[in-house]
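>
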Amino acid sequence: MNTMRPVRNLLRAVMLTLLLAASLPPILAAPLFKGEDRVVIYGDSITQQLLYSRYLQQYIFCRYPDMKIRFYNAGWDGDTAGRAYNRLERDVLVLNPTVVTLFFGMNDGGYKAVNDATVTTYRTNMEKLIKALQEKKIRVVVFSPGCVDYDRRPNLGTADYNKALEALGKAAEELAKKYNCPYADVHHAMLSFQASEKAKDSNFTMIPDSVHPNAAGHLVMAHAMLECLGAEPMPALGDMDISSGKGNGLKLVSKDGSKIVLETLGNSCVPFWFDEPGAHAMQRSGFINMAGQRLTVRGLTGKYTATIDGKIVGQFSADQLSSGVMIPGIYSRQGKLVHDMVANKERFYFSSWRVMRLGMADMPDIKKCVENTMENDDSIHNYIYKSASASAKMLIYLIPAPDGFNIARGKKYVPSDPNKFGWGVNGLLDGSWEQDSQHCWASGNSPKFPKTVTIDLEKTARINAVAAGVPNFGSTRTIKVAVSTDGKQYTEVGSHVFTQGQEERYIYKFAPVNARYVQLIYPDYYDKVVNYPSTFSFTTEVEVYSEDAPGS
173 MNTMRPVRNL
183 LRAVMLTLLL
193 AASLPPILAA
203 PLFKGEDRVV
213 IYGDSITQQL
223 LYSRYLQQYI
233 FCRYPDMKIR
243 FYNAGWDGDT
253 AGRAYNRLER
263 DVLVLNPTVV
273 TLFFGMNDGG
283 YKAVNDATVT
293 TYRTNMEKLI
303 KALQEKKIRV
313 VVFSPGCVDY
323 DRRPNLGTAD
333 YNKALEALGK
343 AAEELAKKYN
353 CPYADVHHAM
363 LSFQASEKAK
373 DSNFTMIPDS
383 VHPNAAGHLV
393 MAHAMLECLG
403 AEPMPALGDM
413 DISSGKGNGL
423 KLVSKDGSKI
433 VLETLGNSCV
443 PFWFDEPGAH
453 AMQRSGFINM
463 AGQRLTVRGL
473 TGKYTATIDG
483 KIVGQFSADQ
493 LSSGVMIPGI
503 YSRQGKLVHD
513 MVANKERFYF
523 SSWRVMRLGM
533 ADMPDIKKCV
543 ENTMENDDSI
553 HNYIYKSASA
563 SAKMLIYLIP
573 APDGFNIARG
583 KKYVPSDPNK
593 FGWGVNGLLD
603 GSWEQDSQHC
613 WASGNSPKFP
623 KTVTIDLEKT
633 ARINAVAAGV
643 PNFGSTRTIK
653 VAVSTDGKQY
663 TEVGSHVFTQ
673 GQEERYIYKF
683 APVNARYVQL
693 IYPDYYDKVV
703 NYPSTFSFTT
713 EVEVYSEDAP
723 GS
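Each residue of the sequence shown is one higher than the one before, counting from 173 in our numbering.
#1: Quick check: what's the CA-CA separation for R456 versus V542?
#2: Look up V469 in the DSSP assignment and give the residues it is bridged to.
#3: I'd like the list of long-range same chain contacts for T468, defined as Cβ closer than 6 Å, with 5 residues on each side in sequence excluded.
#4: On the premise that V665 lies in contact with V725, defined as a C-beta separation below 8 Å, what is that separation, rounded to the nearest angstrom?
#5: Below 8 Å, can you find three or more Cβ-Cβ pairs linking the region 306-316 to the region 281-289?
#6: What's the call for P380, buried or exposed, on a 16-neighbour Cβ count within 10 Å?
#7: Which first and last residues belong to the beta strand (DSSP E) in which P326 is found?
#8: Work out the CA separation of N686 and W605 for me, nearest whole Å.
#9: For my contact list, V392 and M362 are in at a C-beta cut-off of 8 Å; report their separation, rounded to the angstrom.
#10: Can you tell me the Cβ-Cβ gap for G409 and R466, rounded? I've got them flagged as a contact below 8 Å.
#11: Given a threshold of 16 other Cβ atoms within 10 Å of its Cβ, counted over all protein chains shown, does F488 qualify as buried or as exposed?
#12: For R259, name the three-state secondary structure that DSSP assigns.
#13: In whole angstroms, what is the alpha-carbon distance linking L607 and Q661?
#14: Along the alpha helix (DSSP H) that carries G250, what are the first and last residues, could you check?
#15: If I follow the unbroken beta strand (DSSP E) through Q487, where does it start and stop?
#16: Would you call the CB atoms of A396 and D357 closer than 9 Å?
#17: Return helix, strand or coil for S709, following the three-state DSSP convention.
#18: Is the separation between the beta-carbon of T270 and that of D209 shorter than 9 Å?
#19: State buried or exposed for K631, treating a residue as buried only when at least 16 other CB atoms are found within 10 Å of its CB.
#20: Can you grab the Cα-Cα spacing for the pair P198 / H359, in whole Å?
#21: Since A451 and I502 are thought to touch, with beta carbons under 8 Å apart, how far apart are those beta carbons, to the nearest angstrom?
#22: For S195, count neighbouring C-beta atoms within 10 Å of its own C-beta (all shown protein chains included) and say buried if the count is 16 or more, exposed if not.
#23: Could you please give the first and the last residue of the uninterrupted beta strand (DSSP E) stretch that includes I635?
#24: Only counting the same chain, and skipping five residues up and downstream in sequence, which positions put a Cβ closer than 7 Å to that of N420?
#25: Considering only residues of the same chain and omitting the five flanking positions on each side of Y557, which have a CB-CB separation below 6 Å?
#26: Kindly indicate the opening and closing residues of the alpha helix (DSSP H) around A336.
#27: Taking the alpha helix (DSSP H) that G389 belongs to, which residues open and close that run?
#28: Given a threshold of 16 other Cβ atoms within 10 Å of its Cβ, counted over all protein chains shown, does K517 qualify as buried or as exposed?
#29: Within this structure, are the beta carbons of Y224 and A463 separated by less than 9 Å?
#30: With burial defined as no fewer than 16 other Cβ atoms inside 10 Å of the residue's Cβ, what is the status of G474: buried or exposed?
#31: To the nearest angstrom, how far is it from the Cα of P449 to the Cα of E307?
#32: Using the DSSP secondary-structure output, state which residues sit across from Q691 in a beta bridge.
#33: Using DSSP's beta-bridge definition, name the partner residues of V669.
#34: Report the residue from L328, L601, A637 whose alpha carbon sits nearest the alpha carbon of S430.
#35: Within the continuous alpha helix (DSSP H) that includes A451, where are the two ends?
#36: CB-CB under 7 Å to M528, same chain, minus the five flanking residues each way: which ones, in chain order?
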């Protein structure tokens, strides 16, 4: 196997090998994409899921926005390499591509035990595809087929179908070498991750129907593919020495006993956003080492909760921050916009291609309609380039973490003035500090103050701190915290006046005390209206800390 790589990929390759020892490195020619390339992502129903293709595009757009690459998904359910060759002119060459990725094999194996005839047929058809594309001066990238999950379809285990897919992958690898194509061993990357996760949890699956991966599976696939394409890791968020106030890529805004505030300079790549369920796959597969962004902060002691733009991104020790931690892009609204626009673009193109150009081919004037939709596709690409051009400035909060565990998440609470508008009715203890109507709690707008919200911890615990925050809107001024063992007699343990118009979080620390009930008291408000009537009280999240772990 050709293991030559650009120097910049060496450290990343070592990390991945340590994390997934069974994974095989991809054949890598050189960073493949060039400015204004037209890339067709060609495959079967796994490609038609519009998932790994979304992650590939999203990463390339965020990491290389100035390259202005256009992507088109040409996946077709049930396809094989042979059928793909037959539709090559209609569905691929018509797009004038400069690059085509080939991801076939899942259906080519016939879902049966490996045999020489099947491998020979697959090799022949893949070779026809590669030669036909290269004759048109199109650069070709070859991906091995993925893997299946025997636990979901025992008949595939009986046939040992992963052995068949492995054999097809070997044939694809040989063709990639022969025709000097970049090659990614997606099969072993998936198989290794699947095996490591099943060893921890026998019920784990990333392939619910045994064939079509879920989003986590597609993230694992995309990682292997991006490595093959020579994509570089995301640049660092920055580094800062708190003692001297000197940094690179970061500015020290403020520091006091309650928090440290840093600001990014806004000249980095837009973060690679993914949803929180994908965080597990990102971390365990090692993709975080490529798609995350390193944050380094020196000169601290203790533990800190890190938030970016109001989203918790992790809790880290001072030693970890000093060495540098990989921050996932789950916090980035701008990154989510790029992700969502790519998803919409893919669905839009699929409809234009399958429903209009093919499904309505006999209708009058359909050609003009298709031309118009392709112009719209160009416009969407241009909007994505603009959205991904540079990251906006972001505030990073490092909040000293209380000792112990948050025992309030998911517990029940009762407000004295319930919200009647559906705003944040379950958002007070959901683990999210986001400022939207789903995650940010709001009271009703009764003019009667003080207002309260009472949290039931379900049993008496020894607590030592409460964390609470407010959004950058509304008129919430003072929040007091009181505790009780019986829900009748309360003792105040802290009070804080929040700054209006600023997203803020505060930790109320106090001597350990026994309590079952924790009450937030809102005695007043600012007169100034910021987006909503002053009589609403807002709180982004509440955490209650105990030295005892939840359930102990």
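For every residue, glycine included, the Cβ atom is placed at its ideal position computed from N, Cα and C.
Working from what's here:
#1: 43 Å
#2: V469 is bridged to M412.
#3: D411, G496
#4: Since the first residue of the chain shown is 173 and the last is 724, residue 725 is not available in this structure.
#5: no
#6: So P380 ends up on the exposed side.
#7: Unbroken run through P326 is the alpha helix (DSSP H), 326-330; no beta strand (DSSP E).
#8: 26 Å
#9: 6 Å
#10: Sequence check: residue 409 is Leu here, not Gly. 7 Å between Cβ atoms; contact.
#11: buried
#12: coil
#13: Here residue 607 turns out to be Gln, not Leu, going by the sequence shown. Their backbone Cα atoms lie some 32 Å apart in a straight line.
#14: Premise fails: G250 is in no alpha helix (DSSP H) and is neither H nor E.
#15: 483-489
#16: yes
#17: coil
#18: yes
#19: exposed
#20: Because the pLDDT at P198 is just 42, under 50, the model does not fix this residue reliably, and the point stays unresolved.
#21: 6 Å
#22: Bear in mind that the predicted position of S195 carries a pLDDT of just 36, short of 50, making it unreliable; the figure below should be weighed with that in mind. By the 10 Å Cβ count, S195 comes out buried.
#23: 623-642
#24: G410, D411
#25: P237, K240
#26: 333-350
#27: Its alpha helix (DSSP H) spans residues 387-400.
#28: buried
#29: no
#30: exposed
#31: The alpha-carbon atoms of P449 and E307 are separated by roughly 43 Å.
#32: Residue pairing for Q691: DSSP places it in a beta bridge opposite T626, A654.
#33: T650
#34: A637
#35: 451-457
#36: Result list for M528: I538, C541, V542, T545, in chain order.
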